[in-house]
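**Student:** Structure provided below as structure tokens; questions to follow.
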Amino acid sequence: MKRTYLGEFEELVLLTVASLMDDAYGVSIMNEISNQSGRESNISAIHAVLKRLESKGFLKSKMGGATTERGGRRKRYFQLTNSGRKTVDQTIELRIQLFNRVPGYSLKLS
19 MKRTYLGEFE ELVLLTVASL MDDAYGVSIM NEISNQSGRE SNISAIHAVL KRLESKGFLK
79 SKMGGATTER GGRRKRYFQL TNSGRKTVDQ TIELRIQLFN RVPGYSLKLS
């Protein structure tokens, strides 16, 4: 299978979906990225990346129920596919290997 490489923002969104598990939808992803990285993004950019990751087969989505606080609109929730989970695992493994090769640094996972 041909490997599909991720851009930096795609990787950030994919990792955020993985961390949010069953609560990964556009606004929650945008807020989590902002809270964890200090990086501000707009919802349009988040949705574009989510759509792209879904078309690459890393994510799948499903619609939640309509709520009155959203004016009857439904949220689209995202989950990792098996391919997405494998990509997250490979990404984490690669980053750990690279960090551990930097002289004077050792990545400590808590």
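For the sequence shown, the residue numbers in the numbering used here are 19 to 128.
For glycine and all other residues, C-beta sits at the position ideal for the given N, C-alpha and C.
Using only the alpha-carbon positions, how far apart do A42 and Y95 sit?
**Tutor:** In a straight line, the C-alpha of A42 is about 6 angstroms away from that of Y95.
**Student:** Rounded to whole angstroms, what's the CA-CA distance from S73 to N53? Just pull it up for me.
**Tutor:** Each residue's Cα considered, the two are about 27 angstroms apart.
**Student:** Between the C-alpha atoms of G83 and G102, what's the straight-line distance to the nearest angstrom?
**Tutor:** Looking at the two C-alpha atoms, the distance is approximately 25 angstroms.
**Student:** Would the beta-carbon of K78 fall within 8 angstroms of that of Q108?
**Tutor:** No. Outside cutoff.
**Student:** Determine which residues share a DSSP beta bridge with K80 and list them.
**Tutor:** In the DSSP output, where bridge partners are listed per residue, K80 has Y95.
**Student:** Could you tell me the alpha carbon to alpha carbon distance between G90 and M81, rounded to whole angstroms?
**Tutor:** Straight-line Cα distance between these residues: approximately 13 angstroms.
**Student:** Hey, how far is the Cα of R92 from the Cα of R119?
**Tutor:** Approximately 46 angstroms, taken between the alpha carbons.
**Student:** Could you pull the start and end residues of the alpha helix (DSSP H) that E50 belongs to?
**Tutor:** That run of the alpha helix (DSSP H) goes G44 to S55.
**Student:** Could you give the distance in angstroms between the alpha-carbon of M19 and the alpha-carbon of T105?
**Tutor:** Residue confidence is low: M19 scores 42 on pLDDT, short of 50, so the model does not pin down where it sits. No coordinate-derived value is stated.
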